[in-house]
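Residues in the sequence shown are numbered consecutively from 10, following this note's numbering. Every residue gets a Cβ at the ideal spot worked out from N, C-alpha and C, and that includes glycine. Predicted model, so just to flag it, every value in this text is computed and none were measured. Written out below as structure tokens is the structure these notes cover.
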Amino acid sequence: MRQMQEPTFLILTALAAGPQHGYGVITDVERISDGQVRLRAGTLYAAFDRLQEEGLITEDREEIVDGRVRRYYRLTGDGAARLAAEAERMRRHAKAATARLRAIGLGGTA
């Protein structure tokens, strides 16, 4: 299993809260990342297509808002499992880094 890129991790994290439409995911990712990651619509929808092909997300529903289709996406069981595995991988790496920083007196908490 290859390492997940940060935008993908954040998109899946946003969808772990429940189904969302594209703009909701964009704003949630920005909030989760404290403004460090700002997705553009084209980037997001390309990621949605890829994540659907991989079986990590699926369309949840559509609604019409102001005459336009708003499509909602949700995390699949495989997507939740993949997100959990990636979060655990990142936690282990952060724990190792923190331990080494403490060993040289640079603090950090984990």
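- For V74, the enclosing beta strand (DSSP E) covers residues I66 to V74.
- With 16 or more neighbouring CB atoms inside 10 Å of its own CB, L84 falls in the buried class.
- Here D69 has P28, Y81, Y82 and R83 as same chain residues with Cβ atoms under 7 Å from its own Cβ, once five neighbours each way along the sequence are excluded.
- Secondary-structure assignment with DSSP links R79 through a beta bridge to E72.
- If you draw a straight line from the Cα of E62 to the Cα of G116, it is about 42 Å long.
- With 16 or more other CB atoms across the displayed protein chains lying within 10 angstroms of its CB, G88 is buried.
- Look at L110 here: in three-state DSSP terms it is helix.
- Put simply, the backbone Cα of G76 is about 29 Å away from that of L65.
- In the structure shown, the three-state DSSP call for Q12 is coil.
- Under the three-state reduction of DSSP output, Q61 falls in the helix class.
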